[in-house]
Amino acid sequence: DAKTTQPPSMDCAEGRAANLPCNHSTISGNEYVYWYRQIHSQGPQYIIHGLKNNETNEMASLIITEDRKSSTLILPHATLRDTAVYYCTGWGNTPLVFGKGTRLSVIA
Amino acid sequence: NAGVTQTPKFQVLKTGQSMTLQCAQDMNHEYMSWYRQDPGMGLRLIHYSVGAGITDQGEVPNGYNVSRSTTEDFPLRLLSAAPSQTSVYFCASSRARGQSYGYTFGSGTRLTVV
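Order-wise, the sequence lines are chains A and B. The numbering of the first sequence is the numbering used here, which starts it at 7 and goes up by one. The numbering of the second sequence is the numbering used here, which starts it at 228 and goes up by one.
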């Protein structure tokens, strides 16, 4: 199962795009990449997931490199409510294994 | 409302006591998992289940026991509570690997062992 590496923290100006990177160089061929976020101490919230192709939904876009060793979560117009810890994780033979994530601070 | 329900929300235990954290989902999800989250840390997988009658260990299973007698319920048992088990516990469920929306998480149980 993939081990993920994310920067511990990032800042983003309100209204700008937030680009959160994730390295998952050990990901296997059948392992999905998932992104979640956790606001304060609430339960994590699903954002988006993908296998090979780039994905977009109402919350965000997910860009996966062709070799699948890294991905980027894009929040197109960050708001103050997007301040949270963002987790990149994988689902292969065992359920989601989470790292420490990236703490995104959206600044007014 | 459909979702994952965890009870209790808060609990204080004395060292050596046992208790069961309850988790129930009404979405007919096959996958269920238990995670713990310590301050400033990410979530660590304790135990998981891929269907009724099937359970397996995660990253940090010691001191915990689980069973999955029905699709809906996945209780987590602390056998003999220790201060190191003070944490926030999250239960999660999913229809299947790779399906939309991934895991749905409960709101958590905040456990303090004194």
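Each residue gets a CB set at the ideal place from its N, CA and C atoms; glycine is no exception.
Taking a contact to mean a Cβ-Cβ separation below 7 Å, would you say residue i touches residue j in this structure?
{"i": "residue 53 of chain A", "j": "residue 66 of chain A", "result": "yes"}
{"i": "residue 300 of chain B", "j": "residue 251 of chain B", "result": "yes"}
{"i": "residue 295 of chain B", "j": "residue 279 of chain B", "result": "yes"}
{"i": "residue 107 of chain A", "j": "residue 37 of chain A", "result": "no"}
{"i": "residue 30 of chain A", "j": "residue 40 of chain A", "result": "no"}
{"i": "residue 356 of chain B", "j": "residue 331 of chain B", "result": "Nothing about residue 356 of chain B can be reported from this structure: the residues present for chain B run from 228 to 341 only."}
{"i": "residue 94 of chain A", "j": "residue 32 of chain A", "result": "no"}
{"i": "residue 17 of chain A", "j": "residue 80 of chain A", "result": "no"}
Bridge partners for residue i per DSSP, in chain order?
{"i": "residue 34 of chain A", "result": "Bridge partners of residue 34 of chain A: none, in fact."}
{"i": "residue 83 of chain A", "result": "Paired residues: none, contrary to the question."}
{"i": "residue 256 of chain B", "result": "None; residue 256 of chain B has no bridge partner."}
{"i": "residue 65 of chain A", "result": "DSSP output for residue 65 of chain A lists no bridge partner at all."}
Any Cβ of chain A within less than 7 Å of the Cβ of residue i?
{"i": "residue 371 of chain B", "result": "Residue 371 of chain B lies beyond the range of chain B shown here (228 to 341); nothing can be said about it."}
{"i": "residue 291 of chain B", "result": "no"}
{"i": "residue 269 of chain B", "result": "yes"}
{"i": "residue 305 of chain B", "result": "no"}
{"i": "residue 272 of chain B", "result": "yes"}
{"i": "residue 296 of chain B", "result": "no"}
{"i": "residue 245 of chain B", "result": "no"}
{"i": "residue 311 of chain B", "result": "no"}
{"i": "residue 260 of chain B", "result": "yes"}
Just to confirm my understanding: we take residue i, look at its own chain, exclude 5 residues before and 5 after, and list those with CB closer than 8 Å. What are they?
{"i": "residue 59 of chain A", "result": "70"}
{"i": "residue 286 of chain B", "result": "271, 272 and 273"}
{"i": "residue 257 of chain B", "result": "277, 278, 298, 321, 322 and 323"}
{"i": "residue 83 of chain A", "result": "21, 22 and 23"}
So with CB distances below 9 Å, who are the chain B contacts of residue i?
{"i": "residue 47 of chain A", "result": "264, 315, 335 and 337"}
Beta-carbon within less than 7 Å of residue i's beta-carbon, same chain only, minus the 5 sequence neighbours each way: which residues are those?
{"i": "residue 307 of chain B", "result": "243 and 245"}
{"i": "residue 90 of chain A", "result": "43, 44, 45 and 110"}
{"i": "residue 288 of chain B", "result": "273 and 274"}
{"i": "residue 290 of chain B", "result": "305, 306, 309 and 312"}
For residue i, which residues of its own chain have a beta-carbon under 6 Å away from its beta-carbon, when the five flanking residues on both sides are left out?
{"i": "residue 27 of chain A", "result": "78"}
{"i": "residue 337 of chain B", "result": "237 and 315"}
{"i": "residue 363 of chain B", "result": "Lying before the first or after the last residue shown, residue 363 of chain B is absent from chain B, which here runs from 228 to 341."}
{"i": "residue 259 of chain B", "result": "276, 301 and 320"}
Can you pull the chain B neighbours of residue i, defined as C-beta to C-beta under 7 Å?
{"i": "residue 40 of chain A", "result": "329"}
{"i": "residue 102 of chain A", "result": "330"}
Is the shortest distance between the beta-carbon of residue i and the beta-carbons of chain B less than 7 Å?
{"i": "residue 30 of chain A", "result": "no"}
{"i": "residue 105 of chain A", "result": "yes"}
{"i": "residue 92 of chain A", "result": "no"}
{"i": "residue 13 of chain A", "result": "no"}
{"i": "residue 50 of chain A", "result": "yes"}
{"i": "residue 83 of chain A", "result": "no"}
In chain A, which residues lie with their C-beta within 7 Å of the C-beta of residue i?
{"i": "residue 299 of chain B", "result": "Those within 7 Å of residue 299 of chain B in chain A number zero; the least Cβ separation is about 18 Å."}
So residue i contacts chain A; which residues on that side make the cut at Cβ distance below 8 Å?
{"i": "residue 257 of chain B", "result": "Here the premise fails: no neighbours, minimum Cβ distance about 11 Å."}
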